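Take a look at the structure below.
Residue numbers (our numbering), protein chains in the order written: chain A, 1 to 219; chain B, 1001 to 1354.
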């Protein structure tokens, strides 16, 4: 049996999907962590991106910070926070939120900043308040770039949540870490396949939502 | 009381950016129900002055009264909703349909979606667009169509005041002429107070009931009717700004109606064999020997003396072609007759008999 046959056998083994610690449970954990991380990242990145994009203040800071955040090694951060705060959910969530902020912030900020200033000027001249300009003009027009940032962040988070297994948490990374420990290579291949497929499916879903939310006038 | 007849009054208004004075002690009363044109070279503060009216630009000192009320008395966004604004580039919202774009201000003012929509459809007709445009998006319109929608959006505010910032300068000359004509037609029924910014003196003369000529440094060099400004420029600056073609421009105010119209064969002499080609009653160039030469500008019967003179000067045969509103040939103008008419107009203007 080659590695692919073995991996297939692993996928089709009795209880591989439904057992405790089976694929369904790990998938749900993986999605749960990812959702939690993206939620906190969005909570921080979206308001800042909107504010900076709308007012044009602090652009240089945003560009610098997103660049710097991108350069941070997530595994190193995870180790640092885990040593500092101990095991548990807090340390990896913070490390991964930092990872996700960068693409999200860049997407929201650049999306808002890229809206044609003439359109904004016209909206203001018609008598829209700043809040109305932001929510009714800039956000809809920035939607494609904001979604670009969100999809980018989502892909990175789903791929990187695997490292949470490194500090004894769940998720699809479990198969990778445990497989490595006992040299069960088919299990590791399965983990990689599962993470990749999950990332692609979620990205496709986001693409559909993006399409539904983007005005036909700007497609 | 002048306050009652003036829609907008500037009182000692200044706008400075640091040491740079953009608007210098502006005092101006803009009469209600008329088109007032701000004209001047670029950088003269005309657009800034316009944008101070609805506080898109905040002035440094002075007062601007809108319908007798200080324009800082209420929040800027409310003030802006109370007057229409047309920009150089239509500035439509690309993610909204045409009908939604037109409904912007009524919707902000809390008019129901249904009512705003039916009003927007009416306005499409008002600005000469078919209702089939309603569901389209701005990217599907030509520049001229977008600008018409921009005008419709400004009219939707139902305010008595319309601010227009070089609205027709980004469209091609043919479309511009159409839009200018359309604006005058609209204004004849709507009677709004329109403040119109342009750098084009011809446009100012054509559209303005009153013209304010701005000079560099943000001061008004002259305010008056177009005819007054052309007849008696207040200073050298105004004279040089209106100077080129001033004599020609003044003919815009004289009617060409009393220039005699000659029959089509009037120009035929044994030594001149120009013949007007007519197809379906419309002029189609001039024929001489075996050649056909495209014709000059056409004089629409009842037009201005300037149009009459131009038709004569631009015609290859030296004879102007007169058409009716439908473009059907009515006859020919003779250059001597047109020159005589300009002479009569000149004597008339100064009350001197021949």
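C-beta: ideal position from N, C-alpha, C; glycine also. Only a predicted model underlies this, so the values are computations on that prediction, with no experimental measurement involved.
query	result
For a contact meaning CB atoms closer than 7 angstroms, what does residue 50 (chain A) contact in chain B?	Going along chain B, no residue has its Cβ under 7 angstroms from residue 50 (chain A), so there is no contact; the nearest lies around 17 angstroms.
Does any C-beta atom of chain B lie closer than 8 angstroms to the C-beta of residue 56 (chain A)?	no
Is residue 1286 (chain B) helix, strand or coil by DSSP?	strand
Is the region 132-151 of chain A touching the region 200-218 of chain A, taking contact as three or more C-beta pairs under 8 angstroms?	yes
When the Cβ atoms of the region 63-83 of chain A are set against those of the region 120-131 of chain A, are three or more pairs found closer than 8 angstroms?	no
Does the distance from the C-beta atom of residue 198 (chain A) to that of residue 27 (chain A) stay below 8 angstroms?	yes
Strictly under 8 angstroms for the Cβ-Cβ distance: is residue 126 (chain A) near chain B by that measure?	yes
Which residues of the region 134-150 of chain A have a Cβ closer than 9 angstroms to any Cβ of chain B? Give them in chain order.	136, 137, 140, 141, 143
Return the bridge partner residues of residue 1331 (chain B) from the DSSP annotation.	B:1322
If contact means a Cβ-Cβ distance below 9 angstroms, which residues of the region 1089-1112 of chain B contact chain A?	1089, 1090, 1091, 1092, 1093, 1094, 1095, 1096, 1097, 1104, 1105, 1108, 1109
Is it buried or exposed for residue 1324 (chain B), if we count other Cβ within 10 angstroms and need 16 for buried?	exposed
With respect to the beta strand (DSSP E) encompassing residue 1210 (chain B), which residues constitute its N-terminal and C-terminal limits?	1210-1215
With 8 angstroms set as the bound, which would you pick, yes or no: does the beta-carbon of residue 217 (chain A) sit closer than that to a beta-carbon of chain B?	yes
Are the beta-carbon atoms belonging to residue 1023 (chain B) and residue 1211 (chain B) less than 8 angstroms from one another?	no
Roughly how many angstroms lie between the CA atoms of residue 29 (chain A) and residue 77 (chain A), to the nearest whole one?	21 angstroms
Taking 8 angstroms as the CB-CB cut-off, is residue 118 (chain A) touching chain B?	yes
Please identify, using Cβ separations under 8 angstroms, the residues of the region 6-38 of chain A that lie next to chain B, in order along the chain.	none
Classify residue 175 (chain A) as helix, strand or coil using the three-state DSSP reduction.	helix
Quick one: Cα of residue 1026 (chain B) to Cα of residue 1010 (chain B), how far?	6 angstroms
Check whether the region 181-199 of chain A and the region 58-77 of chain A are in contact - that is, three or more C-beta pairs closer than 8 angstroms.	no
Consult DSSP for residue 1250 (chain B) and reduce its assignment to one of helix, strand or coil.	helix
Should residue 1180 (chain B) and residue 1035 (chain B) be called a contact, given that it needs their Cβ atoms to be closer than 8 angstroms?	no
If I follow the unbroken beta strand (DSSP E) through residue 1305 (chain B), where does it start and stop?	First-last for residue 1305 (chain B): 1305-1314, but that is the alpha helix (DSSP H), not the beta strand (DSSP E).
Exposed or buried, residue 156 (chain A), counting other C-beta atoms within 10 Å across all chains shown (16 or more means buried)?	buried
What residue range is occupied by the uninterrupted alpha helix (DSSP H) comprising residue 1143 (chain B)?	1143-1155
Which chain B residues are close to residue 129 (chain A), counting only those with a beta carbon under 8 angstroms from its beta carbon?	1077
Check each residue of the region 1136-1148 of chain B: if its Cβ is closer than 9 angstroms to any Cβ of chain A, include it; give the result in chain order.	1136, 1137, 1138, 1139, 1140
Can you find the residues in the same chain that come closer than 6 angstroms, C-beta to C-beta, to residue 137 (chain A), ignoring five residues on each side of it along the sequence?	123
Between the alpha carbons of residue 1137 (chain B) and residue 1221 (chain B), how many angstroms are there, rounded?	43 angstroms
Measure from the C-beta of residue 1164 (chain B) to each C-beta in chain A and report whether the shortest distance is under 8 angstroms.	no
Between the Cα of residue 164 (chain A) and the Cα atoms of A:14, A:181, A:209, A:90, which residue gives the shortest distance?	A:90
Which chain A residues are close to residue 1081 (chain B), counting only those with a beta carbon under 8 angstroms from its beta carbon?	126, 127
Let's see if you can read the secondary structure: which residues bound the alpha helix (DSSP H) around residue 47 (chain A)?	23-55
Could you compute how far the alpha carbon of residue 174 (chain A) sits from the alpha carbon of residue 217 (chain A)?	46 angstroms
Under a Cβ-count criterion, where at least 16 other Cβ atoms within 10 Å of its own Cβ denotes burial, should residue 1291 (chain B) be classed as buried or exposed?	exposed
How would you list, in chain order, the residues of chain A whose beta-carbon sits under 9 angstroms from the beta-carbon of residue 1085 (chain B)?	122, 125, 126, 127
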